[in-house]
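Reviewing the structure listed below.
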Amino acid sequence: MRQAAIFLVMIILVSVGIPAVFVMYHGKYQKPLSEDIELMKVYITKEDKVVEMTKGQYLREVVSAEMPASFEQEALKAQAVAARSYLYSRMYSHKKSGTPPEHKGAQICTDPSHCKAWISESERKELWGADADKNWDKIDIAVKDTSGEMIYFGDEIISAVFFSTSSGRTENSKDVWGGERAYLVSVESPGEENAPNFKSEKTLSVDELKRVISDNIEGVDFSNGVFGEIVRSDAGGIITITLGNVPVKGTLFRTMFGLKSTNVNISVKDNIVYFDVTGYGHGVGMSQYGANAMARRGSTYKEILTHYYQGTVVK
Ligand SMILES: [Zn+2]
1208 MRQAAIFLVM IILVSVGIPA VFVMYHGKYQ KPLSEDIELM KVYITKEDKV
1258 VEMTKGQYLR EVVSAEMPAS FEQEALKAQA VAARSYLYSR MYSHKKSGTP
1308 PEHKGAQICT DPSHCKAWIS ESERKELWGA DADKNWDKID IAVKDTSGEM
1358 IYFGDEIISA VFFSTSSGRT ENSKDVWGGE RAYLVSVESP GEENAPNFKS
1408 EKTLSVDELK RVISDNIEGV DFSNGVFGEI VRSDAGGIIT ITLGNVPVKG
1458 TLFRTMFGLK STNVNISVKD NIVYFDVTGY GHGVGMSQYG ANAMARRGST
1508 YKEILTHYYQ GTVVK
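Start counting the sequence shown at 1208; every next residue gets the next number (my numbering).
Written out as structure tokens, the structure is:
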């Protein structure tokens, strides 16, 4: 009787216990954990505190801060994959060089000028009001349906930069920042004409204009006029513009006058300067309104991403 009991226990151990240990071993230690289990540290800049959350939650909150939830589902998925690519490329670079001191030990921060825009789920839902649940569902699907996917150029996760609205074409990264990246090249981006910031303008007097330029460029001389040679990219953005006797970069010109992009047409009439601006943002990588227009025409998020990041693969 006793031997039979021992035998039974042995059988149970072999048939249940060993497979259970095996599954646990493989489930817990070998397979990569899903984004909704894996934790990360985020430095909430405006509250000056480090918070632990799952990577999935962080990505949902980033996507909800970066792109309007009213956008097409495929555009939101493209944004989710871009945000994930950014997060992981950032984490890999920290593995090599350590986290930056601004992050107080966290992998990423919520200062959009340093890392990525971010808004907490509760804050976001409050701003959405009646649409909160419907909108959050779209964000949730965008992250879940693309789980683990990132954008690669060769073996490397790309720098998935993006911006709001193009002029109809995106910019080459070398024309805007000087650094050449094979996947950040100018491509067509049609269908953005109805975006809220597709066109904008700014006017100021010639005297005001000269004052702003003098405040930014020491010793500038206007004896040969205010505007000199303008060098433009294929997309129409200003690469360099000569102000007085000094050539400056289009990006500096843009910030000097607080313009929405470097794609500016300049005219002067009766001592008034008119800046007619097309597009919104730096113009490099994925245009968000362009992504939405592609999604409306039936493109998938992978088609959107491989269009704006040329020569890349989503996997
Ligand atoms: Zn940061």
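For glycine and all other residues, C-beta sits at the position ideal for the given N, C-alpha and C.
Taking a contact to require three or more Cβ pairs closer than 8 angstroms, the stretch 1405-1425 and the stretch 1467-1485 qualify as touching.
For I1346, the closest of I1473, R1331, I1358 by C-alpha to C-alpha distance is R1331. Assignment of E1281 by DSSP, reduced to helix, strand and coil, places it in the helix class.
Remark: fewer than three beta-carbon pairs, one from each stretch, lie closer than 8 angstroms, so the stretch 1289-1306 and the stretch 1383-1394 are not flagged as touching.
Cβ atoms of N1470 and G1444 come within 8 angstroms of each other, at about 5 angstroms. Sequence-distant partners of E1436 (beyond 5 residues in either direction) whose C-beta falls short of 7 angstroms from its own C-beta, in its chain, are T1449. Of the other Cβ atoms in all chains shown, fewer than 16 fall within 10 Å of the Cβ of E1333; this residue is therefore exposed.
Put simply, the backbone Cα of P1319 is about 15 angstroms away from that of A1313. By the Cβ-count criterion, V1368 is buried, with 16 or more other Cβ atoms from all chains shown falling within 10 Å of its own Cβ.
Its chain contains T1410, S1412 as the residues whose beta carbon lies nearer than 7 angstroms to that of I1479, once the 5 sequence neighbours on both sides are disregarded; these appear in chain order. Secondary structure of S1329 (DSSP, three-state): helix. Taking the Cβ of D1318 as the reference point, at least one heavy atom of ligand 1 falls within a distance shorter than 7 angstroms.
For K1341, the three-state secondary structure derived from DSSP is helix.
For E1510, the uninterrupted alpha helix (DSSP H) segment begins and ends at 1508-1515. Not one heavy atom of ligand 1 is found less than 7 angstroms from the C-beta of H1301. Bridge pairing for M1247: M1260 [DSSP].
Rounded to the nearest angstrom, the Cβ distance from V1455 to E1378 is 17 angstroms, too far for a contact under 8 angstroms. For T1449, the enclosing beta strand (DSSP E) begins and ends at 1445-1450.
In this structure the stretch 1499-1510 lies against the stretch 1278-1285, because at least three pairs of beta carbons, one per stretch, are closer than 8 angstroms.
Spanning the alpha carbons of M1463 and I1326 requires a straight line of approximately 29 angstroms.
The three-state secondary structure of N1472, taken from DSSP, is strand. E1268 has its CB no nearer than 7 angstroms to any heavy atom of ligand 1.
By alpha-carbon distance to E1399, the top candidate from D1414, G1375, D1441 is G1375. In this structure, DSSP gives T1485 an extended state, which the three-state scheme calls strand. Around the Cβ of E1395, a 10 Å sphere holds fewer than 16 other Cβ atoms; the residue is exposed.
By the Cβ test, the stretch 1511-1518 is not in contact with the stretch 1418-1431, since fewer than three Cβ pairs between them sit closer than 8 angstroms. Taking a 10 Å sphere around the C-beta of E1242, we find 16 or more other C-beta atoms and assign the residue as buried. Of the heavy atoms belonging to ligand 1, at least one sits nearer than 7 angstroms to the Cβ of H1321.
Cβ neighbours of A1287 within its own chain (closer than 7 angstroms, five residues either side excluded): L1266, V1270, A1349, V1350, T1353.
Under DSSP, E1363 shares a beta bridge with F1360. P1275 and T1447 have their alpha carbons spaced roughly 33 angstroms apart.
T1519 and S1292 have their alpha carbons spaced roughly 12 angstroms apart.
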